[in-house]
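Participant: In this note's numbering, the protein residues as written are 1355 to 1639.
Before we start, here is the structure in question, set down as structure tokens.
This is the structure:
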């Protein structure tokens, strides 16, 4: 009994630094944001510690509904495109490419992470603007007669930037899931008369469902709260929830920005619970 208690105490002592770090870096700031979300904005900005639900009432005003709808829609489109592009790439790397090239291709897939996301977004601005590379190339080839105006400061530009930024988060979990697929299972299915399409949909996809769910979560959640890409590539017409939250803090209204942040956190937690349950149900099946 004493040995068991001593082992339990040693385990908690070993976890103490991690728990302390988690509390200081995550729980303490989160608690402060929640407290500020119930406060009031001061006369000249800042926080007045008079608590109420006014910020949440304003956050649920129909005025913000188009922003919420656009945020979920853009995140869904980004996630779908990342999955459609990332799955074939991960499939090719895991099951089709010569093993000696796998590491090099994986490094290439995460190569954008070596550069600041802000700089990469500015690069897309130079590519998509009226005098940018895309319009210049199309004009040179005679495809268009004048620059395309909607390439930049539009929902299209936001989706392009989001897909570019989040695509590695789809490729990596999909690659891990596909790497674990036993090739002998695929060969057995083909020996039993299944064609390539049937093998893919009835064997490969079900076996990689955990990786698909992980990719969906890793792409959708950051896309939902993104603010750099919508702000720089989308402009005022493509404002998303992350942009609105940023603007509230810039305008010295931390209580309203905190309330919107808390609602975003609750939405993310709900999505995580749904993904966890979906993964659990599929695992039992």
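We put the beta carbon where it would ideally sit given N, CA and C, even for glycine.
These numbers were taken from a predicted model, which means no experiment stands behind them.
1) Could you tell me which residues DSSP puts in a beta bridge with residue 1401?
2) How should residue 1523 be labelled, buried or exposed, when 16 other C-beta atoms within 10 angstroms of its C-beta is the threshold for buried?
3) Should the stretch 1385-1396 be called in touch with the stretch 1599-1616, which here means at least 3 C-beta pairs below 8 Å?
4) Can you name the start and end residues of the alpha helix (DSSP H) that residue 1577 belongs to?
5) Which residues mark the beginning and the end of the alpha helix (DSSP H) in which residue 1494 is found?
6) I'd like the list of long-range same chain contacts for residue 1602, defined as Cβ closer than 7 Å, with 5 residues on each side in sequence excluded.
7) Tell me whether residue 1428 is buried or exposed, calling it buried when 16 or more other Cβ atoms sit within 10 Å of its Cβ.
8) I need the boundaries of the alpha helix (DSSP H) containing residue 1378, first residue and last residue.
9) Between residue 1519 and residue 1471, which are expected to be in contact by the criterion C-beta below 8 Å, what is the C-beta distance as a whole number of angstroms?
10) Tell me the residue span of the alpha helix (DSSP H) that contains residue 1507.
11) Identify, in the order they occur along the chain, each residue of the same chain with its Cβ nearer than 7 Å to the Cβ of residue 1456, setting aside the five sequence neighbours on each side.
12) CA-CA distance, residue 1600 and residue 1380?
13) CA-CA distance, residue 1586 and residue 1507?
14) Look up residue 1581 in the DSSP assignment and say whether it is helix, strand or coil.
15) In this structure, does DSSP put residue 1414 in helix, strand or coil?
16) In chain order, what residues of the same chain lie with their CB nearer than 8 Å to the CB of residue 1530, ignoring the 5 residues before and after it?
17) With three or more beta-carbon pairs closer than 8 Å as the criterion, would you say the stretch 1484-1497 touches the stretch 1567-1583?
18) Following the continuous alpha helix (DSSP H) through residue 1424, name the residue where it begins and the one where it ends.
19) Using a Cβ-Cβ cutoff of less than 6 Å, which residues in the same chain neighbour residue 1598 once the five nearest sequence positions on both sides are dropped?
20) Do residue 1617 and residue 1596 have their C-beta atoms within less than 9 Å of each other?
Facilitator: Put simply:
1) For the purposes of this step, residue 1401 is taken as the residue at position 47 of the chain shown. Per DSSP, 1395.
2) Within the chain shown, the letter at position 169 stands for residue 1523. Classification of residue 1523: buried, given that the 10 Å Cβ count is 16 or more.
3) yes
4) Residue mapping note: residue 1577 aligns to position 223 of the chain shown, counting from 1. It spans 1563-1578 - the alpha helix (DSSP H) in which residue 1577 sits, taken as one unbroken run.
5) Your numbering for residue 1494 matches position 140 in the chain shown. Per DSSP, residue 1494 belongs to the alpha helix (DSSP H) from 1487-1495.
6) On the chain shown, position 248 is the one that residue 1602 refers to. Only 1610, 1611 and 1614 meet the Cβ criterion.
7) Working through the chain shown from its first residue, we reach residue 1428 at position 74. It is buried - the Cβ of residue 1428 has at least 16 other Cβ atoms within 10 Å.
8) The count along the chain shown starts at 1 and reaches residue 1378 at position 24. Taken as a continuous stretch (DSSP letters only), residue 1378 belongs to no alpha helix (DSSP H), as it is neither H nor E.
9) Against the chain shown, residue 1519 aligns to sequence position 165. Against the chain shown, residue 1471 aligns to sequence position 117. 6 Å between Cβ atoms; contact.
10) Translated into positions along the chain shown, residue 1507 becomes position 153. Segment: none, residue 1507 is in no alpha helix (DSSP H) and carries neither H nor E.
11) Within the chain shown, residue 1456 is the residue found at index 102, counting from 1. Cβ neighbours of residue 1456 beyond the five flanking positions: 1447.
12) To locate residue 1600, count along the chain shown from 1; it is residue 246. To locate residue 1380, count along the chain shown from 1; it is residue 26. Distance between the alpha carbons of residue 1600 and residue 1380 is about 19 Å.
13) Here residue 1586 corresponds to residue number 232 of the chain shown, with the count starting at 1. Here residue 1507 corresponds to residue number 153 of the chain shown, with the count starting at 1. Rounded to the nearest angstrom, the two C-alpha atoms are 8 Å apart.
14) To locate residue 1581, count along the chain shown from 1; it is residue 227. Here residue 1581 carries a coil assignment [DSSP, helix/strand/coil].
15) Numbered from its first residue, the chain shown carries residue 1414 at position 60. Residue state, collapsed to three classes: coil.
16) Position 176 of the chain shown, counted from the start, is the residue given in the question as residue 1530. Result list for residue 1530: 1565, in chain order.
17) no
18) For the purposes of this step, residue 1424 is taken as the residue at position 70 of the chain shown. Segment 1419-1445, the alpha helix (DSSP H) holding residue 1424.
19) Stepping through the chain shown from its first residue, residue 1598 is reached at position 244. Excluding positions up to five away in sequence, the list reads 1421.
20) Walking along the chain shown from the start, residue 1617 turns up at place 263. Walking along the chain shown from the start, residue 1596 turns up at place 242. No.
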